[in-house]
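In the working numbering, the protein residues as written are 9 to 319.
Positions of the beta carbon are idealized from the N, C-alpha and C atoms, including for glycine.
Only a predicted model underlies this, so the values are computations on that prediction, with no experimental measurement involved.
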């Protein structure tokens, strides 16, 4: 697939773009496998320069991250973007220290978009889920613009600070090779805020109509950002793995209706599988609040195996 565009490093689970334009900050992303297309397929023009993958639901080891860092570095430093999980935090921090000893400057942006995983006063404890996509997209555009590492980090952090996600699980996922599901959920129940690894959500209850579920997710996100009438957003409806496209589009239709009722302008809307768990049914909604700066970087043309745009 995509012959000639990417290369796999020897002996480590790292994919690198075959052609790296000189004079730019490098962008390395990564995390545990099992959530494809996140992170593996968000590499390409206007996206990441290198992706490092760990085992299923496990952070990539520091030496693997370091290999990705060296491959992506063009002498202007490397930005790390990844979800805010303890193992990823530890291993990327260790890799950053190792890179510094090798003369490579790094900076880090941890994505913390999952509203359900911690209250606002503990926002730095929140997980990174489907909102990773928006942050990676903005980071890739900032790198392409030829900005220095500090400025790339600033813009990427701004994207993260303006991204929120809420999800609802309809059935559990599985881990390849393990027969037991990641969590238990009766067929007639849902769980709001369930994590992709089976982390507990914020509310479990009986099945509800799609419109009611979407309204709940939108209102929780809008209150947390917070959004006000006249704000402009991008909308991402993400499937967890076994949710059909028709179901995702039903959710999108209601999300657009509800945002319009709230006076929120929608600049762009995407629906599909972005961050998944094998066999898990459900969906999440991510909103990226835009201003003129973030809109400019979001509009930057980009291509990856999982997503492309030509504005």
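Take residue 258, set aside five residues on each side of it, and the residues of its chain with a beta-carbon closer than 6 Å to its own are 218, in chain order.
The alpha-carbon of residue 303 is positioned some 13 Å away from that of residue 171.
Setting aside the 5 residues that flank it on each side, residue 318 is surrounded in the same chain by 309, each with a C-beta closer than 7 Å to its C-beta; the list follows chain order. A distance below 7 Å between beta-carbons, with the five flanking residues on each side excluded, links residue 128 to the following residues of its chain, in chain order: 232.
Comparing alpha-carbon positions, the option among 65, 286 and 18 lying closest to residue 181 turns out to be 286.
Contact between residue 263 and residue 241 fails: their C-beta atoms lie close to 10 Å from each other, not under 8 Å.
The shortest C-alpha to C-alpha distance from residue 196 to any of 289, 190, 234 and 261 is the one to 289.
For residue 124, the closest of 75, 208 and 281 by C-alpha to C-alpha distance is 208. Residue 89 places its beta carbon less than 8 Å from that of residue 37. Residue 43 and residue 284 do touch by the CB rule: their CB atoms are close to 6 Å apart, below 8 Å. Residue 18 is not bridged by DSSP to any residue.
Three or more beta-carbon pairs separated by less than 8 Å link the stretch 45 to 63 to the stretch 28 to 36, which places the two stretches in contact. Membership of residue 177 in the beta strand (DSSP E) is indicated by the continuous run 171 to 179. Distance between residue 212 and residue 199, taken at the CA atoms: about 4 Å.
Judged by DSSP secondary structure, residue 151 falls outside any beta strand (DSSP E) and instead within the alpha helix (DSSP H) spanning 140 to 152. With a contact defined as Cβ atoms closer than 8 Å, residue 190 and residue 122 miss out at about 16 Å. Collapsing the DSSP output to three states places residue 303 in a helix. Using a Cβ-Cβ distance cut-off of 8 Å, the stretch 145 to 160 and the stretch 94 to 111 are not in contact, since fewer than three pairs of beta carbons, one from each stretch, lie closer than that value. Counting only runs of at least 4 residues, the stretch 248 to 304 fully encloses the following alpha helix (DSSP H) elements, listed from N- to C-terminal order: 253 to 269.
With respect to the C-alpha of residue 204, the residue from 176, 278, 216 and 111 having the closest C-alpha is 176. A distance below 8 Å between beta-carbons, with the five flanking residues on each side excluded, links residue 12 to the following residues of its chain, in chain order: 26. In the structure shown, the three-state DSSP call for residue 134 is coil.
Burial state of residue 254 is exposed, judged by a 10 Å Cβ sphere holding fewer than 16 other Cβ atoms.
Ranking 65, 270 and 148 by CA distance to the CA of residue 86 puts 148 first.
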